[in-house]
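For what it's worth, the UniProt record's numbering labels the leading residue of the sequence shown as 1, then goes sequentially.
Just so it is clear, CB atoms sit at the ideal spot from N, CA and C, and this is done for glycine as well.
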Amino acid sequence: MAALIEGDEKESSALNDQLAKTVNALAQGKIKPEKLEEKLGKYNKPSNCGNLCLTRVNPEIWSILKPTTRARDVKFQKVQSSFVRASIAIAMATDQMLKARNNNETIDTAQLIRMLVDAIAILGSGNAQLNLRRRDSIRPDLNQKYAALCSSQVPCTSLLFGDDLVQSCKTIVETNKISSQMFVNDPKRRNTRQFSGRGSSHRAGDFRSRGFPKQHYGSHQRAPYYPRGRGYYRRAQSQGQGYYRSGGSSGHGSGNYHQTPSQSTSTGASTAKKTVT
């Protein structure tokens with residue numbers, strides 16, 4: 001590993017200044033999308049080079065992959081496609097030189113330069129896409145508030161997250177602060193609570209919930225609340241008795257229960273009738 005890192009630091013002789021400027025720009029993927037598509041369309045796979053192609057997933061495997069896995073693989077396919085097209089451009093340029101040498105012909109240097117520069121541009125685009133995929137693989141290890149470092153808006157240099165990482169982090173923090181302050185601070189919305197549960201509603205001065213109807217205190221007396229499933233109320237009805245509650249608290253089953261006057265009168269009248277008979 002150390003040998004690989006040290007090998008990257010070694011340098012060769014300088015290139016032509018204009019060429020070096022072009023290479024540095026293209027190596028970062030600085031090419032317009034329409035220009036890139038134009039270059040990609042010029043270099044199709046030669047008929048006798050079957051291996052210069054995009055490696056696709058077997059249909060049997062592709063059909064069972066998760067959508068997220070497919071999306072991730074498509075991104076890598078795009079990277080690989082750039083490398084394949086650049087290889088085709090280099091192969092075609094090499095073929096032009098071989099033909100000129102074998103036929104003792106003059107080499108069309110202008111055409112060769114165009115083909116090789118196209119290859120550099122396509123490789124640069126692939127390199128930029130590969131850097132983004134590397135960022136995606138690192139994203140889960142980063143603090144969520146710094147996930148924007150993985151955005152394509154943060155330029156890559158010789159370092160994956162740019163030369164000025166500290167400044168980039170500060171910018172992200174400030175941007176997050178501004179975004180959090182853009183929400184309207186509405187007191188009415190802040191103090192409003194909405195209950196959307198089944199059978200419940202909330203309004204000022206009126207609380208209702210399932211199983212607790214609104215109370216009306218006064219002369220009206222309602223039937224007592226009996227625990228569900230014990231049959232108290234049914235037995236009372238079958239015996240011709242009615243009840244009302246007086247006193248006690250508003251809790252379940254509290255207070256005293258009395259026989260209603262109407263039913264008491266009815267019962268007394270019936271008893272008197274039997275006595276006369």
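Presumed contact (8 Å Cβ cut-off) between residue i and residue j, rounded CB distance
i: Tyr146; j: Met92; result: Not a contact, Cβ separation roughly 44 Å.
i: Ser168; j: Val154; result: 6 Å
i: Leu52; j: Ser82; result: The pair is not a contact, with the Cβ atoms about 13 Å apart (cut-off 8 Å).
i: Arg135; j: Leu160; result: 7 Å
i: Arg139; j: Cys150; result: 5 Å
i: Leu54; j: Gln80; result: 6 Å
Whole-angstrom distance between residue j and residue i, CA atom to CA atom
i: Ala25; j: Val166; result: 24 Å
i: Arg114; j: Arg56; result: 30 Å
i: Asn143; j: Leu98; result: 54 Å
i: Asn16; j: Val117; result: 13 Å
i: Gly50; j: Glu60; result: 22 Å
i: Ala148; j: Lys78; result: 22 Å
i: Ile64; j: Ile178; result: 44 Å
i: Trp62; j: Arg70; result: 8 Å
i: Thr171; j: Ser152; result: 15 Å
i: Ser180; j: Glu174; result: 10 Å
i: Lys10; j: Thr22; result: 21 Å
i: Asp164; j: Glu37; result: 32 Å
i: Asn104; j: Phe76; result: 42 Å
i: Lys35; j: Thr106; result: 29 Å
i: Ala100; j: Ala14; result: 28 Å
i: Asp141; j: Thr109; result: 49 Å
i: Leu40; j: Ala20; result: 22 Å
i: Asn48; j: Asn102; result: 20 Å
i: Thr68; j: Ser12; result: 43 Å
i: Asn58; j: Lys66; result: 14 Å
i: Met182; j: Asn176; result: 10 Å
Member of the options whose CA lies at the smallest distance from the CA of residue i
i: Gln111; options: Phe161, Asp95 and Gly126; result: Asp95
i: Gly29; options: Lys66, Asn176 and Leu130; result: Leu130
i: Pro46; options: Val173, Glu174, Ser180 and Ile90; result: Ile90
i: Arg133; options: Asp73, Lys66 and Asp164; result: Asp73
i: Gly126; options: Glu11, Pro33, Ser12 and Ala20; result: Pro33
i: Gly162; options: Asp141, Met182, Ala128 and Asn176; result: Ala128
For residue i, three-class secondary structure by DSSP
i: Lys42; result: coil
i: Glu34; result: helix
i: Thr175; result: helix
i: Met182; result: coil
i: Ala14; result: coil
i: Asn112; result: Before going on, a small fix: residue 112 reads as Leu here, not Asn. DSSP places Leu112 in helix when its eight states are reduced to three.
i: Ser137; result: helix
i: Arg85; result: helix
i: Ile64; result: coil
i: Leu132; result: helix
i: Thr94; result: helix
i: Leu123; result: helix
i: Asn104; result: coil
i: Gly197; result: Here Gly197 scores only 48 on pLDDT, less than 50, and its place in the model should not be relied on; the value that follows carries that caveat. Gly197: coil per DSSP, three-state reduction.
i: Thr157; result: coil
i: Cys169; result: helix
i: Asp73; result: helix
i: Leu26; result: helix
i: Cys150; result: helix
i: Ser254; result: For Ser254, the pLDDT reaches just 49, beneath the cut-off of 50, and the residue's location in the model is therefore unreliable, although a value from the coordinates is still provided. Reduced to three states, the DSSP call for Ser254 is coil.
i: Val117; result: helix
i: Leu52; result: coil
i: Val79; result: helix
i: Leu19; result: helix
Segment contact, 8 Å Cβ cut-off, at least three pairs: the stretch 73-87 with the stretch 117-136: They touch, by the three-pair rule.
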